[in-house]
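Just so we're on the same page, my numbering is the position in the sequence shown counted from 1, plus 810. In this text, a Cβ means the ideal position worked out from N, Cα and C, and glycines have one as well. Here the structure is a predicted model, which is why all the values come from computation and not from measurement. A short write-up of the structure that comes next.
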Amino acid sequence: MATAYSNTNGYDDFTSESSIFDLSIPALLKLPVNTSLDLFQILDICRCYGDALIENDFEEQRMALCGRLFAGLEVLKVVLTYPLPDYLIEQLTVDEVQSGGYISPLTNDSETLCGYCSALALVLLSQRQPQEQAEQITELLFDMLYVLTEDLKAPRFIRTSEGLAMIEGETLLPVH
């Protein structure tokens, strides 16, 4: 783990798929969420909050998780405007396009999907809906986080003889 005097990012100690999704709620609530993290790290943290939120029956913890999820989604909105780092471009690159690849059922705009998730989290934070509706909104938020994750982690680039190109035939831009 990184110390206060280290330039090592302490986040790297618990970002693997096998560990981050197994954290206790108190540990999950302590996860740092800021713009120094990459797109996938923030997305994974938001998914963890969503997973814990849907499985939790304690109101105080649900509100804390929902608040952290909202904050994480707001950070994600900012990070979505940043150019993708080379290592994420590599993760989003394929050698050949698979037929029937992922197509978002709602929109092809990640920023819009993130906004939908953020709005749902804010509605839950208001606590102005009956319990049954809160449960349905929580489930919808969980599903929307899944759609957002699938959208953002879907391949975007293909290797060609000329270099990288967008899968949809557009010129390669440094953003998603």
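Minimum Cβ-Cβ distance from residue i to chain D less than 9 Å
{"i": "isoleucine 947", "result": "Checking the listed chains, one finds no chain D in this structure; it contains a single protein chain."}
Close beta carbons around residue i, own chain, < 8 Å, minus the five adjacent residues each side
{"i": "leucine 974", "result": "Ile899, Thr903, Phe967, Ile968, Leu982"}
{"i": "serine 928", "result": "Phe880, Leu883, Glu884, Lys887"}
{"i": "threonine 825", "result": "A caution first: threonine 825 carries a pLDDT of 47, below 50, which makes its placement in the model unreliable, though a value can still be read off. Once the five neighbours on either side are set aside, the close Cβ partners of threonine 825 are Gln851, Asp854."}
{"i": "glutamine 939", "result": "Val933, Ile947"}
{"i": "glutamine 937", "result": "Met873, Ala944"}
Cβ separation of residue i and residue j, assumed to be a contact under 8 Å, to the nearest whole Å
{"i": "alanine 931", "j": "cysteine 858", "result": "Incorrect: roughly 14 Å between the Cβ atoms, too far for contact."}
{"i": "valine 843", "j": "valine 885", "result": "5 Å"}
{"i": "threonine 959", "j": "leucine 853", "result": "6 Å"}
{"i": "cysteine 924", "j": "leucine 883", "result": "6 Å"}
{"i": "aspartate 961", "j": "proline 895", "result": "With a Cβ gap of about 19 Å, aspartate 961 and proline 895 do not count as contacting."}
{"i": "isoleucine 835", "j": "glutamine 871", "result": "5 Å"}
{"i": "isoleucine 855", "j": "leucine 839", "result": "Actually they do not touch by this definition, with Cβ atoms about 11 Å apart."}
Own chain residues within Cβ distance below 7 Å of residue i, not counting five before or after
{"i": "tyrosine 926", "result": "Met954"}
{"i": "glutamate 978", "result": "none"}
{"i": "aspartate 822", "result": "Caution applies to aspartate 822, whose pLDDT of 42 falls short of 50 and renders its modelled position unreliable; the value that the coordinates give is listed next. Within the same chain, aspartate 822 has no close Cβ partners at all."}
Nearest residue (CA-CA) to residue i, options the options
{"i": "proline 893", "options": "Asn866, Cys924, Thr845", "result": "Thr845"}
{"i": "alanine 837", "options": "Asp848, Cys924, Ala874, Leu847", "result": "Ala874"}
{"i": "phenylalanine 868", "options": "Asp961, Leu962, Gln941, Glu972", "result": "Gln941"}
{"i": "glutamine 800", "options": "Ile835, Ile864, Lys840", "result": "What the structure shows of the chain is the stretch from 811 to 986, and residue 800 is not part of that stretch, so it cannot be assessed."}
{"i": "glutamate 972", "options": "Ser928, Arg938, Asp905, Gln943", "result": "Asp905"}
{"i": "alanine 944", "options": "Asn866, Val907, Asp919", "result": "Asn866"}
{"i": "cysteine 935", "options": "Gln908, Val907, Arg878, Lys963", "result": "Note that residue 935 corresponds to leucine in the displayed sequence, not to cysteine. If we check each option's Cα against that of leucine 935, Arg878 comes out closest."}
{"i": "aspartate 861", "options": "Gln901, Gln939, Tyr956, Asp919", "result": "Tyr956"}
{"i": "alanine 964", "options": "Leu833, Gln901, Asp832", "result": "Gln901"}
{"i": "threonine 970", "options": "Tyr897, Asp832, Val907", "result": "Val907"}
6 Å Cβ shell around residue i - same chain, five flanking residues per side excluded
{"i": "serine 816", "result": "Annotation note: pLDDT 33 at serine 816 (below 50); position unreliable, no value reported."}
{"i": "glutamate 921", "result": "Leu890"}
>> Please give me, in chain order, every unbroken run of the alpha helix (DSSP H) with length at least 4 that falls completely inside the segment 923-986.
In response: 941-963
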